[in-house]
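Numbering (my numbering), first residue to last: -10 to 59.
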(Lines of atoms letter the chains of each structure in order from A and count residues from 1; the text may use other names and numbers.)
(Lines give C-alpha, C1' and ligand atoms only; values in the text may rest on other atoms or scores of the structure.)
Protein backbone atom coordinates (compact mmCIF):
# COMPACT_ATOMS: atom_id res chain seq x y z
CA UNK A 1 0.00 0.00 0.00
CA UNK A 2 1.05 3.58 -0.54
CA UNK A 3 -0.06 7.19 -0.28
CA UNK A 4 0.30 9.95 -2.85
CA UNK A 5 2.03 13.29 -2.70
CA UNK A 6 1.41 16.10 -5.17
CA UNK A 7 4.20 18.57 -5.94
CA UNK A 8 3.97 21.62 -8.17
CA UNK A 9 6.94 23.19 -9.91
CA UNK A 10 6.29 26.90 -10.41
CA UNK A 11 9.28 27.21 -12.73
CA UNK A 12 8.15 24.37 -15.00
CA UNK A 13 4.42 25.06 -14.52
CA UNK A 14 4.04 21.31 -14.02
CA UNK A 15 2.35 19.11 -11.43
CA UNK A 16 3.98 15.87 -10.26
CA UNK A 17 2.39 12.94 -8.44
CA UNK A 18 4.53 10.50 -6.46
CA UNK A 19 3.67 7.30 -4.64
CA UNK A 20 4.93 7.33 -1.05
CA UNK A 21 5.48 3.91 0.50
CA UNK A 22 5.38 3.17 4.23
CA UNK A 23 9.18 3.03 4.39
CA UNK A 24 9.32 6.63 3.09
CA UNK A 25 10.44 5.69 -0.42
CA UNK A 26 9.06 7.97 -3.15
CA UNK A 27 8.25 6.64 -6.62
CA UNK A 28 7.35 8.92 -9.51
CA UNK A 29 3.84 8.15 -10.84
CA UNK A 30 2.94 10.84 -13.37
CA UNK A 31 3.21 14.51 -14.26
CA UNK A 32 1.13 16.98 -16.21
CA UNK A 33 1.46 20.57 -17.39
CA UNK A 34 -0.59 23.08 -15.42
CA UNK A 35 -3.42 24.51 -17.54
CA UNK A 36 -3.68 28.17 -18.47
CA UNK A 37 -6.93 29.02 -16.68
CA UNK A 38 -6.82 32.81 -16.41
CA UNK A 39 -8.23 33.36 -19.91
CA UNK A 40 -10.82 30.57 -19.69
CA UNK A 41 -14.41 31.66 -18.93
CA UNK A 42 -16.03 30.05 -15.87
CA UNK A 43 -12.81 28.15 -15.03
CA UNK A 44 -13.73 25.21 -17.27
CA UNK A 45 -10.05 24.33 -17.79
CA UNK A 46 -9.45 24.38 -14.02
CA UNK A 47 -12.46 22.15 -13.36
CA UNK A 48 -11.40 19.68 -16.03
CA UNK A 49 -7.81 19.65 -14.73
CA UNK A 50 -8.98 19.11 -11.13
CA UNK A 51 -11.20 16.23 -12.18
CA UNK A 52 -8.36 14.63 -14.14
CA UNK A 53 -6.02 15.01 -11.18
CA UNK A 54 -8.48 13.34 -8.81
CA UNK A 55 -9.14 10.52 -11.26
CA UNK A 56 -5.40 9.88 -11.71
CA UNK A 57 -4.89 9.54 -7.97
CA UNK A 58 -7.97 7.37 -7.43
CA UNK A 59 -7.18 5.02 -10.31
CA UNK A 60 -3.66 4.51 -8.95
CA UNK A 61 -4.88 3.74 -5.43
CA UNK A 62 -5.64 0.05 -4.76
CA UNK A 63 -7.74 1.04 -1.73
CA UNK A 64 -9.80 3.56 -3.74
CA UNK A 65 -10.31 1.09 -6.60
CA UNK A 66 -11.55 -1.51 -4.14
CA UNK A 67 -13.85 1.01 -2.41
CA UNK A 68 -15.36 2.09 -5.74
CA UNK A 69 -15.48 -1.43 -7.15
CA UNK A 70 -13.25 -0.65 -10.13
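By construction, the Cβ of each residue, glycine as well, lies at the ideal position given by its N, Cα and C atoms.
By Cβ distance, which residues of its chain are closer than 8 Å to residue i, with the 5 residues on each side in sequence left out?
{"i": "residue 129", "result": "No answer is possible for residue 129: the residues shown for the chain start at -10 and end at 59."}
{"i": "residue 53", "result": "46 and 47"}
{"i": "residue 15", "result": "-6, 7, 8 and 9"}
Determine the direct distance from the alpha carbon of residue j to that of residue i, and round the result to whole angstroms.
{"i": "residue 3", "j": "residue 58", "result": "31 Å"}
{"i": "residue 60", "j": "residue -7", "result": "Lying before the first or after the last residue shown, residue 60 is absent from the chain, which here runs from -10 to 59."}
{"i": "residue 18", "j": "residue 49", "result": "9 Å"}
In chain order, what residues of the same chain have a beta carbon less than 6 Å from the beta carbon of residue i, not counting five sequence neighbours either side?
{"i": "residue -3", "result": "4"}
{"i": "residue 38", "result": "24"}
So, at 7 Å on beta carbons, what are the nonlocal neighbours of residue i in its own chain, with the 5 sequence-adjacent residues on each side left out?
{"i": "residue 65", "result": "Since the displayed the chain opens at -10 and closes at 59, residue 65 lies outside it and no answer follows."}
{"i": "residue 32", "result": "26"}
Can you tell me which of the options puts its alpha carbon nearest to the alpha carbon of residue i?
{"i": "residue 21", "options": "30, 15 and 43", "result": "43"}
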